[in-house]
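Some notes on the structure that comes next.
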Amino acid sequence: MTHPAPTLTLVDSDPAELAVDAIVIGLHSQPDEGGALLPAAGAESIAAAFDGKLTATLALLGATGAPGEVTKLATLGTIAAPLVVAVGLGDEPSGSAPATETLRRGTGAAVRALAGSETVALALPVPDDTDAPGVLRAILEGALLGSYRFAGYKTKPQPGRRDPVRALQVTVADAADASARAEVTRAEIVAKVVRLTRDWVNTAPNDLRPPQFADAVVAAAEGTGLEVEVLDFDALKAGGYGGIVAVGQGSEAPPRLVKLSYTPEGVTDPKRVALVGKGITFDTGGISIKPTAGMWEMKSDMAGAAAVGAALLAVAALKPSVAVTGYLAMAENMPSGTAYRPGDVITMFSGKRVEVLNTDAEGRMVLADAIARACADGTDYVFETSTLTGGQVVALGKRIAGVMGTPETCERVRAAGDAVGEPAWPMPLPDDVRKGMESEIADISQTNANMDRAGHMLQGGVFLREFVAEGVEWAHIDIAGPSYHTGEPNGYWTKGGTGVPVRTLLALVDDVAANG
Ligand code: BES
Ligand code: ZN
Ligand code: MN
272 MTHPAPTLTL VDSDPAELAV DAIVIGLHSQ PDEGGALLPA AGAESIAAAF DGKLTATLAL
332 LGATGAPGEV TKLATLGTIA APLVVAVGLG DEPSGSAPAT ETLRRGTGAA VRALAGSETV
392 ALALPVPDDT DAPGVLRAIL EGALLGSYRF AGYKTKPQPG RRDPVRALQV TVADAADASA
452 RAEVTRAEIV AKVVRLTRDW VNTAPNDLRP PQFADAVVAA AEGTGLEVEV LDFDALKAGG
512 YGGIVAVGQG SEAPPRLVKL SYTPEGVTDP KRVALVGKGI TFDTGGISIK PTAGMWEMKS
572 DMAGAAAVGA ALLAVAALKP SVAVTGYLAM AENMPSGTAY RPGDVITMFS GKRVEVLNTD
632 AEGRMVLADA IARACADGTD YVFETSTLTG GQVVALGKRI AGVMGTPETC ERVRAAGDAV
692 GEPAWPMPLP DDVRKGMESE IADISQTNAN MDRAGHMLQG GVFLREFVAE GVEWAHIDIA
752 GPSYHTGEPN GYWTKGGTGV PVRTLLALVD DVAANG
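Structure, rendered in structure tokens:
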């Protein structure tokens, strides 16, 4: 469904001599020198070939070194490549390299700007000291994610539309260096699954209803060594998954719960991590139907489950020393004669009874069952992610996810997200919000009993907490904003699915593997 990712090769030859279609260099501004431009590390030989005129020429073309700014310069025989592309990396860094996210975004922007090229070399600052391993990783991820493009459904090729870059060469000090090569392998695995997440999110919702989504995940898991279990509608009913059944029963395309398990080899008593994702393949709101405007965007309401499925695929390839299990709760939220309704009381998988007040709060219904199942299977951690509330977008915007859960685990999510460029911010689970969800007739209301939307992102977290077993460390990551990008392409974000929070989930798995 998508354009293939570019191939990736490490090279340690002189960038000025690389016979490629274009060569990307970094560009800083120097605030202490009145904003004068400075080529970033890696671009030395190219600057030398321009005989001292490189920065002056780039300035003439309007370059300022601002992060993500792309300036193209014809080289007219000064170096082997016909084109230099200078990408702004901000102020001259105080340390050995710019911030990793600046590099990730800058590389993404440069590679996007080079669509139509066959082979592109990246001569960006990769410090050769091993204490900056994140730098090469960020450059590789930025390149592989920035070159993503969803193939889409057009029946004719678009005139003037240029295909993504096909081959990337990345200049490093030593192309045979084992840790650099390991970063390439890792980046290829990670980018492949982030791209797959984007594909799933971008797929039209008539092509990705729960049975098709489940089939796609199972097909992707084939041959990876992951253990796969799929609960269909009958199995969900028989198993008492009241929340998933309630939401799924309104659609002709029945719900699914997909479980993917990875068990590390040769590790006795590994830590257990459960990843849980919301997989609403389309959210009309159900009987509490949504307004028409923007409803199409609810094709992305399965971004959490897509991210969890993708993360498991990467885990199977990266083989960390922790047990990781993914739970993908899939349903289509439709209004129909069989749909669940406001007023319904649902007996959930955990046995708790929930009074439904708004069928548009469907995510927490399916997630509560998936979380409870994860806890019943036995786990040390639950990391759940979902496009759960518009309140997340109101509170934190389109880039920063909201995190609720046990405080230490929330902090680990924040740190993991910060490290990979997927920011997430801890939010509270206040007692008064829980009080507002007391039901007259059941154990808990699904939303505030007076339909008060105050703190409505927090209501989601407070509700889900009820389904986490005692002693399990957990975090709910609300990605309503950051999972889907509606603006113009930006850095390594293209239009549509972003793949957030796949790389956070992988960082969390690494964190648990390293620190328990
Ligand atoms: N899928 C939506 C949340 C959403 C909104 C995701 C915007 C992405 C962008 C969710 O199922 C929903 O409808 N939430 C309601 C909750 C309310 C009924 C308590 C909301 O946000 O209004
Ligand atoms: Zn939803
Ligand atoms: Mn909804």
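Residues 272 to 787, numbered by this note's numbering, are exactly what the sequence shown covers, in order.
Cβ atoms here follow ideal geometry from the backbone N, Cα and C, with glycine treated the same way.
Any non-hydrogen atom of the ligand BES closer than 6 Å to residue i Cβ
{"i": "A784", "result": "no"}
{"i": "T828", "result": "The chain is shown only over 272 to 787; residue 828 falls outside these bounds and no answer can be derived."}
{"i": "T757", "result": "no"}
{"i": "T609", "result": "no"}
{"i": "G548", "result": "no"}
{"i": "T280", "result": "no"}
{"i": "G557", "result": "no"}
{"i": "G661", "result": "yes"}
{"i": "T563", "result": "no"}
{"i": "D572", "result": "yes"}
{"i": "T769", "result": "no"}
{"i": "T658", "result": "yes"}
Supposed close pair residue i, residue j - CB separation, criterion 8 Å
{"i": "L308", "j": "A334", "result": "6 Å"}
{"i": "R437", "j": "E389", "result": "5 Å"}
{"i": "A645", "j": "V653", "result": "6 Å"}
{"i": "T660", "j": "S754", "result": "Their Cβ separation, rounded to whole angstroms, is 12 Å, which puts T660 and S754 out of contact at 8 Å."}
{"i": "L507", "j": "P526", "result": "6 Å"}
{"i": "Y611", "j": "Q520", "result": "6 Å"}
{"i": "T378", "j": "I410", "result": "5 Å"}
{"i": "G514", "j": "D640", "result": "4 Å"}
{"i": "I296", "j": "A394", "result": "5 Å"}
{"i": "W729", "j": "P701", "result": "Going by the sequence as given, residue 729 is Leu instead of Trp. So it is a contact: roughly 6 Å between Cβ atoms."}
{"i": "L289", "j": "A392", "result": "5 Å"}
{"i": "R635", "j": "G731", "result": "6 Å"}
Beta carbon of residue i nearer than 7 Å to that of residue j
{"i": "T718", "j": "L628", "result": "yes"}
{"i": "L589", "j": "G550", "result": "no"}
{"i": "R375", "j": "Y763", "result": "yes"}
{"i": "S571", "j": "V472", "result": "yes"}
{"i": "Q483", "j": "V282", "result": "no"}
{"i": "T775", "j": "G688", "result": "yes"}
{"i": "T680", "j": "E744", "result": "yes"}
{"i": "V704", "j": "A746", "result": "no"}
{"i": "G359", "j": "A337", "result": "yes"}
{"i": "P541", "j": "V586", "result": "no"}
{"i": "V595", "j": "V773", "result": "no"}
{"i": "D486", "j": "A444", "result": "no"}
{"i": "E655", "j": "V488", "result": "no"}
{"i": "A492", "j": "E603", "result": "no"}
One or two residues paired with residue i in a DSSP bridge
{"i": "Q440", "result": "T280, A392"}
{"i": "W471", "result": "Its beta-bridge partners do not exist; DSSP assigns none."}
{"i": "S657", "result": "D749"}
{"i": "T618", "result": "R624"}
{"i": "V805", "result": "Lying outside 272 to 787, the shown extent of the chain, residue 805 is not represented and no answer is given."}
{"i": "W764", "result": "N761"}
{"i": "D362", "result": "S300"}
{"i": "P310", "result": "L298"}
{"i": "K530", "result": "E500, Y598"}
{"i": "W567", "result": "In DSSP, W567 forms no bridge with anything."}
{"i": "M675", "result": "H747"}
{"i": "A293", "result": "V391"}
{"i": "P697", "result": "V674"}
{"i": "D554", "result": "N604"}
{"i": "Y652", "result": "V544, E744"}
Heavy atom of the ligand MN within 6 Å of residue i beta-carbon
{"i": "E603", "result": "no"}
{"i": "D615", "result": "no"}
{"i": "D749", "result": "no"}
{"i": "D554", "result": "yes"}
{"i": "D631", "result": "yes"}
Residue i: CB within 6 Å of a non-hydrogen atom of the ligand ZN
{"i": "G634", "result": "yes"}
{"i": "I712", "result": "no"}
{"i": "I551", "result": "yes"}
{"i": "D640", "result": "no"}
{"i": "D292", "result": "no"}
{"i": "D702", "result": "no"}
*Mind the definition here: the segment 466-474 touches the segment 527-544 only if three or more C-beta pairs lie below 8 Å; say whether that holds.*
no
*Within the chosen definition, does the segment 561-578 reach the segment 665-679 through at least 3 CB pairs nearer than 8 Å?*
no
*Could you tell me whether the segment 455-464 touches the segment 513-530, using the rule of 3 or more Cβ pairs below 8 Å?*
no
*asked:* Contact between the segment 627-643 and the segment 558-572 is defined here as three or more beta-carbon pairs at a separation below 8 Å; is this criterion met?
replied: yes
*asked:* Taking contact to mean 3 or more Cβ pairs, one atom from each stretch, closer than 8 Å, check whether the segment 497-506 and the segment 613-622 are in contact.
replied: no
*Should the segment 670-689 be regarded as contacting the segment 741-750, the criterion being three or more beta carbon pairs within less than 8 Å?*
yes
*Using 8 Å as the Cβ pair cut-off and three pairs as the minimum, do the segment 399-419 and the segment 370-387 touch?*
yes
*Is it a yes or a no for the segment 731-742 touching the segment 354-374, going by three-plus beta-carbon pairs under 8 Å?*
Judged by Cβ distances under 8 Å, the segment 731-742 makes no contact with the segment 354-374, as fewer than three pairs qualify.
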